[in-house]
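In the numbering used here, the protein residues as written are 218 to 502. C-beta atoms are modelled at their ideal positions from N, C-alpha and C, and glycine is treated no differently. Take a look at the structure set out below.
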């Protein structure tokens with residue numbers, strides 16, 4: 218781990234120097250962007266809070282609707298993160314300017330992979346996490362949860378972020394072995410098409426039309442059954458939803474079990490990606 222930390226040190230120092238070397242114009246621009254982000258953040262919170270409050274006013278269906286909405290939120294985040302990690306890992310693993318220096322150093326490829334994995338995860342996830350926070354905070358306000366909910370949320374989010382990072386990096390290594398890393402336009406075009414297809418297929422798993430259209434069913438019982446039916450028990454968004462919901466709706470679930478599913482899958486993808494890198498990475502670089 219010392220070598221991994223050492224490989225991450227230049228990135229940390231670079232960020233510190235960037236902050237310290239800001240002139241007045243850059244500082245003013247950063248403040249304006251921060252204020253804009255805060256306004257957008259507040260807007261997301263208010264919008265989600267109103268939707269959840271409206272759902273809570275619907276007898277019987279309220280909790281089911283909030284459950285399905287949370288699953289859709291996680292699915293959206295997962296899809297965005299997967300595509301973002303593919304794009305980011307292309308840069309961190311193949312196009313970064315410091316790669317020649319790093320590969321010339323006596324550092325095992327496994328350590329390089331882990332360090333770049335951390336960089337890729339942070340670079341691709343911070344914005345999604347930042348603007349996803351008001352959604353989860355709105356859930357906490359509507360359900361009047363304790364501080365334990367927010368602590369557990371942070372624990373659950375970490376492996377949820379690792380999974381798309383692991384998948385994205387593996388996909389990038391496979392693609393770069395088919396296309397030269399320098400041909401980024403071709404890869405980006407292919408990734409965009411793949412991302413749209415994957416997003417559509419994953420979104421259809423949730424059948425969002427059943428969230429607001431009870432008239433589509435011949436009976437209320439069928440509508441209730443559709444809302445209770447999980448979108449797909451094999452997707453990480455379902456595991457994350459089931460890991461958090463028991464703390465929101467105060468029912469006896471299996472949050473630890475679903476958290477362990479997230480954690481074990483994330484760790485497995487790190488191990489698999491590290492193993493595949495010994496066969497795929499240098500051939501594509």
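query: How many angstroms separate the CA atom of residue 282 from the CA atom of residue 493?
result: 41 Å
query: Three or more beta-carbon pairs under 8 Å between the region 256–264 and the region 336–353, yes or no?
result: yes
field: Spatially closest choice to residue 354 from 465, 224, 288, 501, by CA coordinates
entry: 465
field: Which listed residue (293, 329, 378) has its alpha carbon closest to that of residue 484
entry: 378
message: residue 454 and residue 295 - do their beta-carbons sit closer together than 8 Å?
response: yes
query: Among the residues of its own chain, which have a CB less than 6 Å from the CB of residue 370, if the five just before and after it don't count?
result: 353
task: Enumerate in chain order the residues of its own chain whose CB-to-CB distance from residue 301 is below 6 Å, with the five nearest sequence positions on each side excluded.
output: 341
- prompt: Could you give the C-beta distance for residue 337 and residue 386, rounded to a whole number, given that I count them as a contact under 8 Å?
  reply: 6 Å
- request: Compare the beta carbon distance of residue 376 and residue 298 with 8 Å and say whether it is the shorter of the two.
  value: no
field: 4 or more residues per run - each alpha helix (DSSP H) lying fully within the region 294–373
entry: 316–321, 326–359
Closest residue to residue 462 among 451, 359, 482 (Cα-Cα distance): 359
- prompt: Helix, strand or coil for residue 452 per DSSP?
  reply: coil
query: residue 332 to residue 489, Cα distance in whole Å?
result: 15 Å
message: Counting C-beta neighbours from all protein chains within 10 Å, is the total for residue 306 16 or more, i.e. buried, or is it exposed?
response: buried
Unbroken alpha helix (DSSP H) run spanning residue 479, endpoints: 472–501
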